[in-house]
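Heads up: the structure comes next, in structure tokens.
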Amino acid sequence: MRPVDKGSAPQVYTNYQDARNDLANKIDWCCSYCEMKVMNSINIDHVIPLSKGGAKLDWDNFLLACFHCNGKSNKSDKNSSRTDYYWPDIDNTINAFQYHPTPDIIGPKSSLSYKQKIKAQNTIDLLGLDKFPGKPNKEPTPGDKRWIAIQSAWLKANKSMDNWKKQQSDEMLEMIIECAHSDGHFSIWYELFKSYDRVRKALIAKFEGTYQPSTFDNRGKPSPRPHSDL
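When we follow full-length UniProt numbering, the leftmost residue of the sequence shown carries the number 1, and every step to the right adds one.
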């Protein structure tokens, strides 16, 4: 899950839906949770739901979500606070999750402490990030095709890795980064290219609003984010 820096609110909102374009321009047009590229139907997610007392017009309570991550069968209004979950605008979520080809998809990183693993799994369960057809207790709804987008991202990223191993030119780097950005799923690309700092740094630069000052060092390696247990 890509950590993001929203910055401060660019204006005062009287309708929270008016914040959508501002937020997408700050942190890119990707779901903040599954990381799928969503241009025409991405919505403001109230991190703390309105039904649980979340602030309706507060920039600090906004992230971007696709229909399924924030749907009734997933997050919706199930969490009453930020506690016990990881969030990409306050935590170094790149350190929380390990990404895998389907059907496993995503899980807590093995390097996490026991308490951190529970928190990471809580986040996965809340958002339904590991749902896959035929997976016990993780069956997606018929309309939830996030797993197809994830499969496609792995195929594209693996093909790009093959091309990169053959030719590590500026032109090839540009093609890979453009492909990744058009697809979303930053963490899959970031994971796959873990041995190539040049590609990782380019990914960080391309995806708008990727949290940088302390989240990544000058080689693109993740480092602890202030006020987080990661």
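We put the CB at the ideal spot given by N, CA and C, even for glycine.
Owing to the predicted nature of the structure, the values given are computational and were not obtained by experimental measurement.
- Around the CB of Ile42, 16 or more other CB atoms lie within 10 Å, so the residue is classed as buried.
- Residue Asp60 holds the alpha-carbon nearest to the alpha-carbon of Trp87 among Asp60, Ser111 and Gly71.
- Around the beta carbon of Glu35, 16 or more other beta carbons lie within 10 angstroms, which makes this residue buried.
- Cys30 and Pro136 have their alpha carbons spaced roughly 28 Å apart.
- Taking 4 residues as the shortest admissible run, the region 99-158 contains the following complete alpha helix (DSSP H) segments, listed from N- to C-terminal end: 114-127.
- In terms of Cβ geometry, Lys52 and Ser73 do not form a close pair [threshold 8 Å].
- Sorting Pro224, Leu50 and Ser32 by C-alpha distance to the C-alpha of Lys78 places Leu50 at the top.
- Asn163 and Met172 do touch by the CB rule: their CB atoms are close to 6 Å apart, below 8 Å.
- Thr14 and Val4 have their C-alpha atoms roughly 24 Å apart.
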